[in-house]
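Engineer: Just so you know, the sequence shown maps onto residues 6 to 153 in this note's numbering. Beta carbons are placed, not taken as given, at the ideal position from N, Cα and C, and that holds for glycine. Submitted below is the structure of interest, expressed as structure tokens.
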Amino acid sequence: MRREIQLRAISFVLISVSAAAAHAAGDPARGADLFRQNCAACHSQERGQNLVGPSLFSVVGRAAASIADFSYSSAMKRSGIVWTADQLMAYLKAPRQYVPGVKMMFPGLSDQKDRENVIAFLATLSEESSANLNASNSPPAKAPNTSN
Ligand code: HEC
């Protein structure tokens, strides 16, 4: 009896974990291809490089319209959005419906999987992940010298 309860508890945990993983299941490599095809004409992934659209470096987690030297529409400035994965899912489906008046001339990505993949790619464009990339190219940090 007790054992059965334990087993139930364990399978409940496993099911919840896999449901959470499924939600964040985007593939960044496929997302990079989709970004090149759909976004790169207007957006750079490099920090500080604005094209027709603002740089998307480190966009995940930042407030909408927060790049100082990009001239955003007043609709985007007023939107009050913070670009979480959920907000990006909604925006990228139909940008000009989600934020009326926005000047991003892009119809949207109707396929949910495509949006998940692009967002998984955008999530790799951050200080943290470039720090990790740099870290793997540089020699290991020296241990502090404690002998003097
Ligand atoms: C035709 C050009 C164009 C294309 C294609 C385009 N965008 Fe944009 N995007 C813009 C412009 C212009 C803005 C600024 C909108 C405004 O200020 O109203 C923008 C804004 C954004 C923002 C808000 C950024 C911020 O700093 O608040 C995100 C996120 C974004 N685009 C993502 C994407 C993604 C992802 C794609 C590809 C799936 C894409 N865009 C395709 C032109 C484009």
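Just grab the DSSP bridge partners of A68 for me.
Structural biologist: Numbered from 1 along the sequence shown, position 63 holds the residue referred to as residue 68. For A68, which the question treats as bridged, DSSP gives the partners V87.
Engineer: The ligand HEC heavy atoms versus the CB of V57: any closer than 7 Å?
Structural biologist: On the sequence shown, residue 57 is found 52 positions in, with the first residue counted as 1. Yes - the ligand HEC has a heavy atom lying nearer than 7 Å to the Cβ of V57.
Engineer: For the ligand HEC, any of its heavy atoms closer than 7 Å to the Cβ of K98?
Structural biologist: The residue you call residue 98 lines up with position 93 of the sequence shown. The answer is no for K98.
Engineer: In terms of residues, what are the limits of the alpha helix (DSSP H) holding Q117?
Structural biologist: One-based indexing of the sequence shown puts residue 117 at position 112. Start and end: 117-127.
Engineer: Go through its chain and collect everything with a Cβ distance to A99's Cβ below 6 Å, but skip five positions before and after it.
Structural biologist: By 1-based counting over the sequence shown, the position of residue 99 is 94. Excluding sequence neighbours, A99 sits near G113.
Engineer: If we ignore side chains and look at the alpha-carbon of each, how far apart do M81 and E51 end up?
Structural biologist: For the purposes of this step, residue 81 is identified with residue 76 of the sequence shown, where counting begins at 1. For the purposes of this step, residue 51 is identified with residue 46 of the sequence shown, where counting begins at 1. Rounded to the nearest angstrom, the two C-alpha atoms are 21 Å apart.
Engineer: Given a threshold of 16 other Cβ atoms within 10 Å of its Cβ, counted over all protein chains shown, does A128 qualify as buried or as exposed?
Structural biologist: Within the sequence shown, numbered from 1, the residue matching residue 128 stands at position 123. That one is buried.
Engineer: With H, G and I counted as helix, E and B as strand and the rest as coil, what does DSSP make of E133?
Structural biologist: As a working mapping, residue 133 is identified with position 128 in the sequence shown. The answer is helix: DSSP assigns E133 an H, G or I state.
Engineer: Expressed to the nearest angstrom, what Euclidean distance is found between the alpha-carbon atoms of A90 and V57?
Structural biologist: In the sequence shown, counting from the first residue as 1, residue 90 sits at position 85. In the sequence shown, counting from the first residue as 1, residue 57 sits at position 52. If I take the Cα positions, the gap works out to 23 Å.
Engineer: Flag Y103 as yes when its Cβ comes closer than 7 Å to any non-hydrogen atom of the ligand HEC, and as no otherwise.
Structural biologist: Here residue 103 corresponds to residue number 98 of the sequence shown, with the count starting at 1. False, no ligand heavy atom lies under 7 Å from that Cβ.
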